[in-house]
Every structure is written in structure tokens, then in C-alpha cells.
Amino acid sequence: MIWIGGWGMEESPSSRAECKYCHKKISQDELRIAIPADFGRGCAYHHYNCWEERVKRTIEYHKMGYDKACDVEVER
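Next comes the structure, spelled out in C-alpha cells:
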């Protein structure tokens, strides 16, 4: 695994991990992103595309301000 800042990137060694964004299995040899879980209990894995979408959405929410972002999420 290659660690860059607070997250890691690697090819999935098996098909057991589940994406924490879309809740689908991450296939073996597919690129995945690892984000350390709270309290040092392993990592939360994401498909690369799901992680990218999550980052974009987070940036948009910060631009809107937290209160407006909550309203958008409720509508969704």
C-alpha cells in the first residue's frame, strides 16, 4: 500500500472488502483507496471512483456552508 497523507492506495488483494460509499464489493486487483478507521481499527475502503465522488461532494458542501449542505442532503 502506498500512503499519501492520511490515506492509502493499492490494488485489492482479494474481493472481500466492501466500499463504504456504494456498499458494493471491491473486486480483486481493482484500485482501492484506504482511509484509516477511527480508533486504529483497520481501514475503510472505497472504489477509486467512489472516493473521488465523495471528495468532490465534500468540497462542494464546504463551499456552500454546513447548514446549506445539510438541507441539500435532506432533499436528496
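Numbering (this note's numbering), first residue to last: 67 to 142.
Think of the CB as a built atom: it goes at the ideal place given N, C-alpha and C, for glycine as much as any other residue.
Computed from a predicted structure; not experimentally measured.
Taking 8 angstroms as the cut-off, the beta carbon of residue 111 is found closer than this to the beta carbon of residue 100.
Distance from the CA of residue 85 to the CA of residue 113, rounded to the nearest whole angstrom, comes to 6 angstroms. Rounded to whole angstroms, the gap between the alpha carbons of residue 96 and residue 69 is 17 angstroms.
For residue 126, the uninterrupted alpha helix (DSSP H) segment begins and ends at 114-130. As the crow flies, the alpha-carbon of residue 121 is around 14 angstroms from that of residue 98.
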